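For the sequence shown, the working numbering assigns the number 259 to the initial residue and increments by one for each residue that follows. Here a beta-carbon is modelled for each residue, glycine too, at the ideal position from N, C-alpha and C. Small disclaimer: the values here were computed from a predicted structure and weren't measured. Since the structure comes first, as structure tokens, the remarks are kept for the end.
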Amino acid sequence: MTAETENRIRVVIADDHPIFRKGLRETMEEEEDLLVVGESGDGKAALDLLQSLQPQVAVVDIDMPRKNGFVLAEEVRDLKLPVRIIFLTMLREEDAFNRAVDLGVSGYVLKDSAVIEIVNAIKAVAAGGHYVSPSISSFLINRTARRTRLVDERPGIEKLTRTERRVLQLIAEKKTSKEIGSELFISPRTVDSHRNNICAKLDLHGSNALLKFALEHKLEI
Numbered sequence: 259m260t261a262e263t264e265n266r267i268r269v270v271i272a273d274d275h276p277i278f279r280k281g282l283r284e285t286m287e288e289e290e291d292l293l294v295v296g297e298s299g300d301g302k303a304a305l306d307l308l309q310s311l312q313p314q315v316a317v318v319d320i321d322m323p324r325k326n327g328f329v330l331a332e333e334v335r336d337l338k339l340p341v342r343i344i345f346l347t348m349l350r351e352e353d354a355f356n357r358a359v360d361l362g363v364s365g366y367v368l369k370d371s372a373v374i375e376i377v378n379a380i381k382a383v384a385a386g387g388h389y390v391s392p393s394i395s396s397f398l399i400n401r402t403a404r405r406t407r408l409v410d411e412r413p414g415i416e417k418l419t420r421t422e423r424r425v426l427q428l429i430a431e432k433k434t435s436k437e438i439g440s441e442l443f444i445s446p447r448t449v450d451s452h453r454n455n456i457c458a459k460l461d462l463h464g465s466n467a468l469l470k471f472a473l474e475h476k477l478e479i
């Protein structure tokens with residue numbers, strides 16, 4: 259690998275539309291500081307590329323066969339792969355945006371944006387930042403406002419550990435302690451211990467209080 263190559267941002271493209279993927283790649287290849295090291299038409303093959311090529315950035319279509327973008331992002335997070343993900347999508351729904359943020363996705367770009375916007379997003383996230391299409395920036399503002407209100411109402415939310423927060427997110431998905439334990443590779447008893455700690459920190463009382471809280475605030479936790 260030459261010094262010039264080492265200084266370029268290594269990118270993998272995952273999109274099941276060949277024409278779109280080709281156009282995106284050609285645009286990237288015109289940028290001196292970008293290097294497309296691989297591309298895929300489905301999520302499963304994309305994960306293999308991310309593991310073998312270890313790019314800095316992955317540009318991922320949410321709606322892909324075999325593994326959609328959400329599943330791919332979750333597996334990247336669980337495997338602790340050193341790649342920052344940018345979602346490409348037609349979805350303007352706020353729930354989809356919030357789910358992406360919860361999964362640690364660094365960029366959220368609408369497919370009807372100019373290709374140069376995708377290039378700018380790649381450079382921003384490669385530098386350690388985040389990027390959201392300007393037309394949906396209100397989603398981020400709304401999320402921040404809701405989060406601020408929640409902290410004011412329940413200051414204990416700030417004291418939750420990363421694992422406790424993940425347990426709370428899974429409770430919001432109506433998963434049982436057994437299912438949560440299986441996903442987090444811990445015992446159901448440990449999950450129940452986390453549940454008790456969360457209730458104590460959030461001052462929640464009653465058999466269904468935790469589930470009710472998780473469902474009401476699933477967009478902020």
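* Inter-residue Cα distance where the pair is leucine 361 and leucine 426 -> Spanning the two alpha carbons is a distance of roughly 14 Å.
* What residue from Ala430, Ser465, Glu289, Thr434 has the CA that sits closest to isoleucine 376's CA? -> Ranking Ala430, Ser465, Glu289, Thr434 by Cα distance to isoleucine 376 puts Glu289 first.
* To do: On a CA-only basis, which of Ser298, Arg266, Ala358, Lys302 is nearest aspartate 291? Give me that one, please.
  => Sorting Ser298, Arg266, Ala358, Lys302 by C-alpha distance to the C-alpha of aspartate 291 places Arg266 at the top.
* **Sequence-distant residues of its chain with Cβ nearer than 6 Å to serine 410 (five each side left out)** => Strictly speaking, residue 410 in this sequence is aspartate, with serine absent from that position. Counting only Cβ-Cβ distances below 6 Å, and skipping sequence neighbours, we find nothing.
* Assigned secondary structure, threonine 402 (DSSP; H/G/I helix, E/B strand, else coil) -> DSSP places threonine 402 in helix when its eight states are reduced to three.
* Is the number of C-beta pairs between the region 428-446 and the region 386-401 that are closer than 8 Å three or more? -> Fewer than three Cβ pairs drawn from the region 428-446 and the region 386-401 lie within less than 8 Å of each other, which leaves the two stretches out of contact.
* Completely contained alpha helix (DSSP H) runs for the region 327-397, where each covers 4 or more residues -> If we require 4 residues or more, the alpha helix (DSSP H) runs fully inside the region 327-397 come out as 327-337, 352-360, 373-384.
* Compute the Euclidean distance between the alpha carbons of serine 465 and arginine 453, then round it to the nearest angstrom. => The straight-line gap from Cα to Cα measures roughly 11 Å.
* **Simplified DSSP state of aspartate 319, which is helix, strand or coil** => Of the three classes helix, strand and coil, the one that applies to aspartate 319 here is strand, per DSSP.
* Starting from serine 310, follow the alpha helix (DSSP H) in both directions and report where the run begins and ends. => Looking at the DSSP string, the run of the alpha helix (DSSP H) that includes serine 310 is 301-311.
* Roughly how many angstroms lie between the CA atoms of alanine 430 and isoleucine 479, to the nearest whole one? -> Going by the C-alpha atoms only, they are around 9 Å apart.
* Have a look at alanine 379 and aspartate 300 and give me their C-alpha separation to the nearest angstrom. => Taking the straight line joining both Cα atoms gives about 22 Å.
* To do: Please list the segments of the alpha helix (DSSP H) lying wholly inside the region 413-444, counting only runs of 4 or more residues, in order along the chain.
  => Within the region 413-444, the complete alpha helix (DSSP H) runs of at least 4 residues are 420-430, 435-442.
* **Outcome for methionine 348 when other beta-carbon atoms lying within 10 angstroms are tallied against a minimum of 16** => It is exposed - the Cβ of methionine 348 has fewer than 16 other Cβ atoms within 10 Å.
* Taking just the CA atoms, how far does threonine 448 sit from lysine 436? -> Straight through space, the alpha carbons of threonine 448 and lysine 436 are spaced by roughly 10 Å.
* Flag this pair as yes or no: are the beta carbons of valine 334 and glycine 327 separated by less than 8 Å? => At the C-beta level, valine 334 and glycine 327 stay beyond 8 Å of one another.
* Straight-line Cα distance separating leucine 468 from arginine 342 -> Their backbone Cα atoms lie some 32 Å apart in a straight line.
* Asked: In three-state DSSP terms, what is serine 465?
  -> Here DSSP, grouped into helix, strand and coil, assigns serine 465 to coil.
* Can you name the start and end residues of the beta strand (DSSP E) that arginine 268 belongs to? -> Where arginine 268 is concerned, the enclosing beta strand (DSSP E) stretches over 267-272.
* Asked: If you draw a straight line from the alpha carbon of isoleucine 374 to that of glutamate 422, how long is it in whole angstroms?
  -> Note on geometry: alpha-carbon atoms of isoleucine 374 and glutamate 422 lie some 39 Å from one another.
* Asked: Between which two residues does the beta strand (DSSP E) containing glutamate 297 stretch?
  -> 292-298 is the extent of the beta strand (DSSP E) around glutamate 297.
* Per DSSP, what kind of secondary structure is alanine 261 in: helix, strand or coil? -> Because the pLDDT at alanine 261 is just 47, under 50, the model does not fix this residue reliably, and the value given afterwards should be weighed accordingly. Reduced to three states, the DSSP call for alanine 261 is helix.
* Exposed or buried, what is leucine 308 when buried is set at 16 or more other beta-carbons lying within 10 Å of its beta-carbon? -> Counting other Cβ atoms within 10 Å of its Cβ, leucine 308 reaches 16 or more and is therefore classed as buried.
* Asked: Per the contact definition of three or more C-beta pairs closer than 8 Å, is the region 271-290 in contact with the region 350-367?
  -> By the C-beta criterion, the region 350-367 is judged not to be in contact with the region 271-290, since fewer than 3 inter-stretch pairs fall below 8 Å.
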